[in-house]
Each structure stands twice: as C-alpha cells, then as structure tokens.
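Residue numbers for the sequence shown follow the numbering used here, beginning at 2 and rising by one. The beta carbon of each residue, even a glycine, is placed where N, CA and C say it ideally should be.
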Amino acid sequence: MKVLLELIRIILIFGIAGTIISAIVNGIFINIGADQYGWLGSIAVLLLLIVWYRNKLQFSGWYSGKGKEKLPKTVSQILIMCSLFLLGAPPVLSVLQLIFH
Numbered sequence: 002m003k004v005l006l007e008l009i010r011i012i013l014i015f016g017i018a019g020t021i022i023s024a025i026v027n028g029i030f031i032n033i034g035a036d037q038y039g040w041l042g043s044i045a046v047l048l049l050l051i052v053w054y055r056n057k058l059q060f061s062g063w064y065s066g067k068g069k070e071k072l073p074k075t076v077s078q079i080l081i082m083c084s085l086f087l088l089g090a091p092p093v094l095s096v097l098q099l100i101f102h
C-alpha cells in the first residue's frame, strides 16, 4: 500500500507541479517571442523536478524500502546545469533565428 501511495504522490508531483511550472516557463517564452522552443523549458522543469524528488522529496514520503539514496553530487550538478542551459537556450535561439532569417 505504501508503494502505491508513493506512486500516486510522484504522479501528482510531476503531473501537477510539472504542468504548472512548465506553463509559467512557456508563458515567459511566449512573451519574449521564443514560443516555438517551449518544449526545452518543459524538459528543464522535468530535470529539476527529478533532482528535487531524488534528493529531497523521496525521504519525506510513505515508501521506506531499500534503494532510497540521493543522487550523487556530480549527477545532481550536471542535471541542474543542463536544466539551466535548456532554460536559457530558447531566448538565444529566437534571437539567432531573427538574425539569420
């Protein structure tokens, strides 16, 4: 039962929080004219949620089985840097598209 509750919690975290945060990021991209690259923002949000869940939220849930370990520090840093790169790429890509077209 605890595993089922944890799965429901994961679905809610990624489904609801991911959707809301992605909508905010995509709204910002639309306002700056980079709406065609909104999917990069959604991937960035997903990466950040994965890091947040694996390093913090999994320890406050119902599941208490084996295998609950934080991500290694270097993996967390790489995922966060990739996420920041993906968040910064759409404005740059839209400016480059304006310059070269």
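By the Cβ rule, the stretch 18 to 30 does not count as touching the stretch 70 to 79, because fewer than three pairs are nearer than 8 Å. Here the alpha carbon of SER43 sits roughly 8 Å from the alpha carbon of GLY19. With at least 16 other beta carbons inside 10 angstroms of its own, LEU50 counts as buried. Taken atom to atom, the span from the alpha-carbon of LEU13 to that of ILE81 is near 22 Å. In the three-state scheme derived from DSSP, where H, G and I count as helix and E and B as strand, ALA35 is classed as coil.
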